[in-house]
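**Q** Have a look at the structure that comes next, please.
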Amino acid sequence: MATHAGAPDKPPPPPSNHLAPERFAERTLVLLDGAEGLLARCHRLDRTLRSNDKCRAVREPEWKGLRSKLAKAFPTLPDLTKDAKLESFRARATETAAELRHGYELFVDLEAHLAVHLTTLRAMLGQLRHYSLDEGRETTRSVLRLFNAYTRLLKFASTIPDRKALVALYACALKAASRPLPGNYEPVAKKLLPRLDDCWRFCVEAFKEHVATLSSLVAQQLELVQLHSEGAQSLVRRSALTLLEDASGLQKPSEAPLDTKHKGRRDCRTLHGELLEARLGCDFAILATLACPGVVFDAQGLALLVSKMACEDALVMQLYRSSTINVHSELEALGKWFPPRNYPLQRRDVKLAKLAKEWSKNAVLHSGLKHRERRAYLLGELDVAQGLLVAVPGLSTAKAPLVLACCALARDEVLWALRHDPTRGGAALPPKHRMKHYDEKHFESPDLPQLADAFVALAALLRRDRKKVASYHLAYASKADAEALQKFAGKASSTAPANCASMISSLASRVASVNDVDACVKTLLRAERDGRFGGGELNADAVQASSILTLKLDWRRVQARLSCSPIQGDLATFCRWANVMLDHLSLADGSLLLEHCDAGALWPFRNQLLRRLDATTAPEGPSRLVRTLLETSRYARRCLGHGACEADAIQLESDSKSLAEAVLDRFASCVQGCLTNITKSLESLAAQIAPVEAAYRQERREAALREAARKGLEKPKEAPLAGYESHPRNERAIQPLVNAETRLASLLEVARWDFSDREDARGVFGGALVVGDVRLRPLEYARQAVTTFLDREIPNAFFSGNQFTRPTTAERTYTSLMGACARAAGYFDVDYCGHVYDMLGGPPGWQKDPNLPSAADRARGEPIGSVLAERVADQYVRIIRALPAHVVYCPQHRAWRSTYVAPESKKKQNEVLPKEPSLAEKVLQGPELEALLRVLGADGARCLDAAFTRAAVDEMARCKTALAAKQLRPIFERVRKGSLTGDWVPASQDLKTAGVLDALLAACVRLGNILALRALTRESHARVSREACPHLLSSALLALDAQGSSNSTAAAPSWLVPPPKKPYDPTYLPPVDDDAYDSPLYRALTADSPFGVEHYERDGNLHREAAAVVETSEDFRYTPWALAVAMSADAWKPARWYPDLACCSPGLHVISFALRALAHVSSGPLDDPQSPKRAQQMVADFVSSASSIVTHMRLHEKSPEFMDLPLRAQYMVIENAAVDGNLPRSYLERHLPYAAIHAALMDIAMGHQTAADDAKAPFTPEVFDP
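Every letter in the sequence shown is one number past the one before it in UniProt numbering, and letter 213, counting from 1, is 213.
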């Protein structure tokens, strides 16, 4: 922690010759952990200082002049008594000091740590004599890690902005608040901050005495850097990552030596073990070149070769998280002043500036291509390895080193590609003068999602098998390795220093006793929870509880002491076997897995991965990136968080939760997008296939007919079956469907991916994604995505915006929707039928339930229930009420047809209606209604019928307004009495003046159209029911007949059992193929109306709904005579009769339906047996009075008030009313003779429907001449 104001300064670090080599191991761990913590704190301070809304003191505009004075006088504090803003600063001095305190303490801790770190590093470089990756491997790697950590920390601290202003403002704030200046101000202001201004120059001076040692260390990295920087050729040549070389090799452990001449030996460096440390060696070579450029002046030239290969391997290298440095910009800047005067160099023929330019050019030209080749190779090997680990249980135990190397190299390549991504801008570009050689395509990585996903999946497989891996390698270490160590322990201890001999002698027995697998797994779990250092070798409790950690730490202490002198003979052999033992223990306790295969390392580049997720077009691209990002968010805090900066760790956890939720939201959007694309493709293909199939079938039929005629054979009745020609040939339409299906399948596989690598009590791995304290289940996100897709698309099938879609099109859309969701049905349970049921209809009256849950509590989507069916019904009511004048109901076609005839005159062509049929013509027909009811089902049919009934009652209320007014009753009474004598004419004039007749006709036409649509909907429902269950009745009756007993028949429901032939024989069952068709069920399924076939059947729904309108029987008493006298209304003048359609435009013929409905609801209660007779009498009254009124007008049609009335058409309307009312023909002819009807039809055929037509074109007999 930092030293607060008033506290004594920390003592200076001890000189290098006083550091005991035995303490190098502990000090290395402490310094590496401290460096990680300081890097996290520096990162947080850097983000704070670069944010505009944080650290106000550094950004305060009012103190700009004050900061300028402080900067000019730094590190001394100037006299600010004459500054105009001093009072403002002094008023906020305490607040400013508190705000800047954490930043200042960071620099205090940084100065202290860097001093100790540098002292330790120089002590190790000065005291150690045996640097070797064979015998002194652990000590040598410790030096490399310490050097890398020191240079990274120093360089990253030098990138913090406004650091001098922060320190100066903090000191000034303490002074203004009358608090003493901290004693550690001088070291920070006069030592640390000046060093950060030119950190490489300071490093050059600091390591001036150790150039030879660093050159030797760089030269030792030759094989590692060569493997890492030569692309894929060296790995392919060595078959380094090939898991399946031959079947017999699968059971053998991966122990390939690094040097092929050591093949068969086990006491040497292994290829896969060194591949794990290749990045360490490469980074060390680059940082050593930057911090101590004298290494490239090595007399032998080996260090120069290693530095060249390492620097040409990349344009930028990582400092911390996403922060990078441009290697070649730094090298070229070094070349301008290195070497300084009097700097000792081993050779003078090397120019650093020239080398930097050459390396920069080669890196720009070749590094991108080499890594692209390397990624392609790794992708193939990881795919094979993943398949084998899944197919061969237990293979991960023997092949763990190889699999770890695959994961480490793959993760390193993913990070390299992300650091060099051109979308990062200047942070990934070479120096400006090298841009002419830069090709952006070389650094693009379209295969990055596949590689990242493969690495994540392979690491997950290793984590799941970690207990098996631990058991395998613990057995290897405790037996084979312990035996080898025991063999050389005696001679090795005799030549070792005295303080190491006892440790060497007891090492073999200690290794042999390490066989507790559970304790080994607990060590790994603790390290995963608390971090590699905090949960492992720096945790006293963990070390005490784990014999493996104790053993590893003791051996590092011994090896550091041994490395202070040359290691030879049996002692060297013993050290090599100890390294083999250490490798097996590191595989067992999972430290290598934790260090090299953690997906949390990708966290700093999450925004780049998210952009790739949004922009990817590859079929499996989104799924791979989703899994990678989820694993990244899962391990972000464990990989990057540090206890020294708790605020940063908390922020990491919070951001990782947000990332996981954002990724899953994108995942759900991708699932919905796939379902949408599949639906569109299926609809497109259906539209392509159907016409093509029909056309080819017709063509083949015509060919068969021609062939039959040529041969004189009988014409074939059926067309040949369509063959391959019905298959769609348009691949551009098929490819989107295949891509969307592939993408959906891969996404759903991710949803089912097991994100938990810990076994439960049953030994089963759980699948929830745990990020911090949040448990997320991708499968639930996928299920919700499918549900949301259905919630959105089911209503949209009928309504595209505000436009109503034809039901046949909506039905095809529903079929496509179910086809699109078929893939999801294989991954999780979604009650598609129940969901569609809830969306479309739901049980009648369920919305009126007082206990209905709210939208948030519903299991599926928005609780719209029957609202959709009601919306459809409301749309139909709107259409039927707003029918165009030329669209009328055609009883012959049971649909609404257009009566418009295009004018023959060319001058009137502009008046022609659009070629496209109106919406009413499209949707008001039987096939469309059948499609509608196939989608909505029986409950939707009830909803439609109820809506039509309510609309009909609304029109009845309008009719009542015109009929039930008290002031009009005397007039209607005069019409009733004078309808047969001609005295109705004066009364009709009174009604016309009041506007009653036109309003009554308009309401009756709307009522009639609604009732016609209601009847047509019922007929369509009956047809759909008959098609859906054609054998239901036969099966049920056969089942009852098989029982053969009166008890079974008595137990059957009444709607199923046919009526008995004899009243006294209730058990009689007629044969199924004969009188069984009298069953009520059969009649309900096959009759025109599923609610009965009688003309005056008591329609309970309509009667009950109209109860509020029909208050008394007198309300509609004058309906027959009102409609009869309405024949003289002006609304009839534009009407014409169309014989081919048997209808009257603009639809006035449907008043017969309105008349029947009004008669039905006003004739008495449902249970009154006389009500049907009274209703029929009302129709009879209309026929008699209307016939008399129209005949009277026909006799006086030359008069002006009757000249424009279509009296012939009115005769047809009266005849239809009599037929629809089931009146005897004799009754009709008594009031309207057949001769009058025949004459009217003849006039209509000649185009004479009104007297005005006769005047325009008088009748002449010549029209009948041939």
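Ideal placement from N, C-alpha and C gives every residue a C-beta, glycine not left out.
Because the structure is a prediction, the values reported are computed rather than measured.
1) Quick one: residues in its chain with C-beta nearer than 7 Å to the C-beta of residue 87, no 5 flanking neighbours on either side, listed in chain order?
2) As a quick exercise: from 513, 364, 938, 232, pick the residue whose alpha carbon is nearest that of residue 377.
3) Considering Cα atoms alone, identify which of 381, 1113, 742, 1195 is closest to residue 1171.
4) Starting from the N-terminal side, write out each stretch of the beta strand (DSSP E) that is 3 residues or longer and does not extend beyond the region 552-609.
5) Would you give the residue range spanned by the alpha helix (DSSP H) that residue 814 belongs to?
6) For residue 1246, which residues in the same chain have their Cβ closer than 6 Å to its Cβ, ignoring the five residues on either side in sequence?
7) Take residue 357 as the anchor and find which of 669, 334, 114, 813 has the nearest alpha-carbon.
8) Our contact map puts residue 144 next to residue 284 with C-beta atoms below 8 Å; I'd like the distance itself, whole angstroms only.
9) According to DSSP, is residue 257 helix, strand or coil?
10) Work out the CA separation of residue 878 and residue 1253 for me, nearest whole Å.
11) First and last residue of the alpha helix (DSSP H) that includes residue 317?
12) Between the region 430-443 and the region 467-483, can you find at least three pairs of beta-carbon atoms closer than 8 Å?
13) Sort out for me which residues DSSP pairs residue 898 with in a bridge.
14) Just mark residue 989 as buried or exposed, buried being the case when its beta carbon has 16 or more other beta carbons within 10 Å.
15) Across the region 409-428 and the region 440-456, are there enough close Cβ pairs to call them in contact, namely three or more that are closer than 8 Å?
16) Specify whether the region 1166-1183 and the region 1192-1206 touch according to this definition: at least 3 beta carbon pairs, one from each stretch, less than 8 Å apart.
17) Alpha helix (DSSP H) containing residue 1145: first to last residue?
18) Distance check for residue 821 and residue 1026, CA to CA, integer angstroms please.
19) My output table needs one value for residue 295: the three-state DSSP class, helix, strand or coil.
20) Do the CB positions of residue 936 and residue 924 come within less than 9 Å of each other?
21) Start and end of the beta strand (DSSP E) containing residue 949?
22) Per the contact definition of three or more C-beta pairs closer than 8 Å, is the region 461-476 in contact with the region 492-507?
23) Assuming residue 1137 is part of the beta strand (DSSP E), what are its boundary residues?
24) Which residues share a DSSP beta bridge with residue 769?
25) Which residues bound the alpha helix (DSSP H) around residue 323?
26) Quick one: any contact between the region 62-76 and the region 342-351, if contact means 3 or more CB pairs under 8 Å?
27) If you compare alpha carbons, which of 736, 606, 639 is closest to residue 1269?
28) May I have the straight-line CA-CA distance separating residue 566 from residue 371, to the nearest angstrom?
29) When we look at the beta-carbon of residue 1243 and count the other beta-carbons within 10 Å, is it buried (16 or more) or exposed?
30) Residue 260: buried (16+ other C-beta within 10 angstroms of its C-beta) or exposed?
31) What does the alpha-carbon distance come out to for the pair residue 84 and residue 78?
32) For a test of the three-state rule: what should DSSP assign to residue 358, helix, strand or coil?
33) Residues in the same chain with beta-carbon distance under 8 Å from residue 594, minus the five sequence neighbours each way, listed in chain order, please.
34) Could you tell me which of 1239, 1210, 959, 1168 sits nearest to residue 1118, measuring between CA atoms?
35) Would you give the residue range spanned by the alpha helix (DSSP H) that residue 470 belongs to?
36) Tell me whether the beta-carbon of residue 172 lies closer than 9 Å to the beta-carbon of residue 89.
**A** So, to answer that:
1) Excluding sequence neighbours, residue 87 sits near nothing in its chain.
2) Measuring from the Cα of residue 377, the nearest candidate turns out to be 232.
3) Checked all of 381, 1113, 742, 1195; the closest Cα to residue 1171 is 1113.
4) Complete beta strand (DSSP E) runs here, min 3: none at all.
5) Following the DSSP letters along the chain, one finds residue 814 inside the alpha helix (DSSP H) bounded by residues 807-820.
6) Take residue 1246, set aside five residues on each side of it, and no residue of its chain has a beta-carbon closer than 6 Å to its own.
7) Considering only alpha carbons, the answer is 334.
8) About 5 Å; that satisfies the 8 Å criterion.
9) Note: residue 257 maps to strand in three-state DSSP.
10) Their backbone Cα atoms lie some 35 Å apart in a straight line.
11) For residue 317, there is no enclosing alpha helix (DSSP H); the enclosing beta strand (DSSP E) has its first and last residue at 316-320.
12) Remark: fewer than three beta-carbon pairs, one from each stretch, lie closer than 8 Å, so the region 467-483 and the region 430-443 are not flagged as touching.
13) Partner(s): 887.
14) So residue 989 counts as exposed.
15) At 8 Å Cβ cutoff, the stretches touch.
16) Output reads no: the region 1192-1206 does not touch the region 1166-1183.
17) Run containing residue 1145: none in the alpha helix (DSSP H); it sits in the beta strand (DSSP E), 1143-1145.
18) For the pair residue 1026 and residue 821, the Cα-to-Cα distance works out to about 28 Å.
19) Three-state DSSP puts residue 295 in a helix.
20) Cβ atoms of residue 936 and residue 924: not closer than 9 Å.
21) No beta strand (DSSP E) holds residue 949; the alpha helix (DSSP H) holding it covers 926-963.
22) In the pairwise beta carbon analysis, the region 492-507 is classified as not touching the region 461-476: fewer than three pairs are separated by under 8 Å.
23) Run containing residue 1137: 1136-1138, per the beta strand (DSSP E) assignment.
24) As computed with DSSP, residue 769 is found in a beta bridge with 776.
25) First-last for residue 323: 323-326, but that is the beta strand (DSSP E), not the alpha helix (DSSP H).
26) Taking 8 Å as the limit for Cβ pairs, the verdict is that the region 342-351 does not touch the region 62-76.
27) Look at the range of the chain in this structure, 1 to 1266, and you will see that residue 1269 is not part of it.
28) Here the alpha carbon of residue 566 sits roughly 39 Å from the alpha carbon of residue 371.
29) Residue 1243 comes out buried.
30) So residue 260 ends up on the exposed side.
31) Straight through space, the alpha carbons of residue 78 and residue 84 are spaced by roughly 14 Å.
32) Here residue 358 sits in helix by DSSP.
33) In chain order, 524, 527, 528, 532 place their CB closer than 8 Å to the CB of residue 594, counting only its own chain and leaving out the 5 sequence neighbours on each side.
34) Sorting 1239, 1210, 959, 1168 by C-alpha distance to the C-alpha of residue 1118 places 959 at the top.
35) DSSP places residue 470 inside the alpha helix (DSSP H), whose first and last residues are 466-476.
36) Yes; because the gap between Cβ atoms is below 9 Å, this pair is in contact.
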